[in-house]
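Novice:
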């Protein structure tokens with residue numbers, strides 16, 4: 001549970017001072033690709049909300065969901081504009097041959113929506129989700145629909161889960177020892 005203490009000590013001052021706006025920024029940047037402790041921040045903030053902090057769990061959920069959707073959409077736009085040329089030029093660095101890039105594009109055409117929703121729950125994939133989808137030219141409408149759904153499911157799990165189950169796992173006690 002050390003990760004939870006670290007996340008809480010990182011997040012608590014910002015969330016206490018700036019409320020859900022701080023969470024919005026953290027989740028937006030993480031969804032855009034920045035290596036930030038998104039899930040840990042959500043667990044700590046959910047427990048804070050359950051303890052009666054200055055924001056409600058519904059406010060938190062809405063801010064987190066919006067940040068996740070907008071962060072991935074921004075990543076998609078960046079990937080769509082500049083990602084493909086970078087992959088074509090430097091793909092060899094990550095062993096992405098032209099054939100593999102073609103296969104990846106085909107995979108996103110066929111199963112992109114499932115990938116976007118599922119990747120939301122995998123740490124490194126969550127950060128690269130929008131960038132990759134944009135880079136391989138996943139259709140915009142499919143991406144947005146999958147992104148909205150995936151962000152809603154992910155936000156619900158990490159906002160409401162710790163909020164309602166925190167007592168069962170003694171998360172409140174762990175955070176109070178900070």
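Residue numbers (full-length UniProt numbering): 1 to 178. Each residue gets a CB set at the ideal place from its N, CA and C atoms; glycine is no exception.
In terms of residues, what are the limits of the alpha helix (DSSP H) holding residue 128?
Specialist: First-last of the alpha helix (DSSP H) with residue 128: 123–135.
Novice: By the DSSP assignment, the alpha helix (DSSP H) with residue 72 in it spans what residues?
Specialist: Per DSSP, residue 72 belongs to the alpha helix (DSSP H) from 57–78.
Novice: So, do the region 14–22 and the region 117–124 have three or more beta carbon pairs nearer to each other than 8 Å?
Specialist: At 8 Å Cβ cutoff, the stretches do not touch.
Novice: How is residue 111 classed by DSSP in three states: helix, strand or coil?
Specialist: Reduced to three states, the DSSP call for residue 111 is helix.
Novice: Would the beta-carbon of residue 32 fall within 9 Å of that of residue 72?
Specialist: Yes; because the gap between Cβ atoms is below 9 Å, this pair is in contact.
Novice: Identify which residue in 17, 52, 11 has its Cα closest to the Cα of residue 37.
Specialist: Of the listed residues, the one whose Cα sits closest to residue 37 is 11.
Novice: Please report the Cβ distance between residue 28 and residue 70, rounded to the nearest whole angstrom; I am assuming they are in contact, meaning their Cβ atoms lie under 8 Å.
Specialist: Yes, they are in contact, since the Cβ atoms of residue 28 and residue 70 sit about 6 Å apart, within 8 Å.
Novice: Would you say residue 30 faces chain D, with C-beta separation under 9 Å as the test?
Specialist: Of the chains in the structure shown, none is chain D; there is only one protein chain.
Novice: Going along the chain, which residues of its own chain have a beta-carbon closer than 7 Å to the beta-carbon of residue 78, five neighbours each way excluded?
Specialist: Counting only Cβ-Cβ distances below 7 Å, and skipping sequence neighbours, we find 131, 134.
Novice: Secondary structure at residue 54, three-state DSSP: helix, strand or coil?
Specialist: The answer is coil: DSSP assigns residue 54 none of H, G, I, E or B.
Novice: What does the alpha-carbon distance come out to for the pair residue 42 and residue 159?
Specialist: Each residue's alpha carbon lies about 6 Å from the other.
Novice: Going straight from the alpha carbon of residue 83 to that of residue 30, what length do you get?
Specialist: C-alpha separation (whole angstroms): 18 Å.
Novice: Are residue 145 and residue 113 close, meaning C-beta to C-beta below 9 Å?
Specialist: Closer than 9 Å, so yes.
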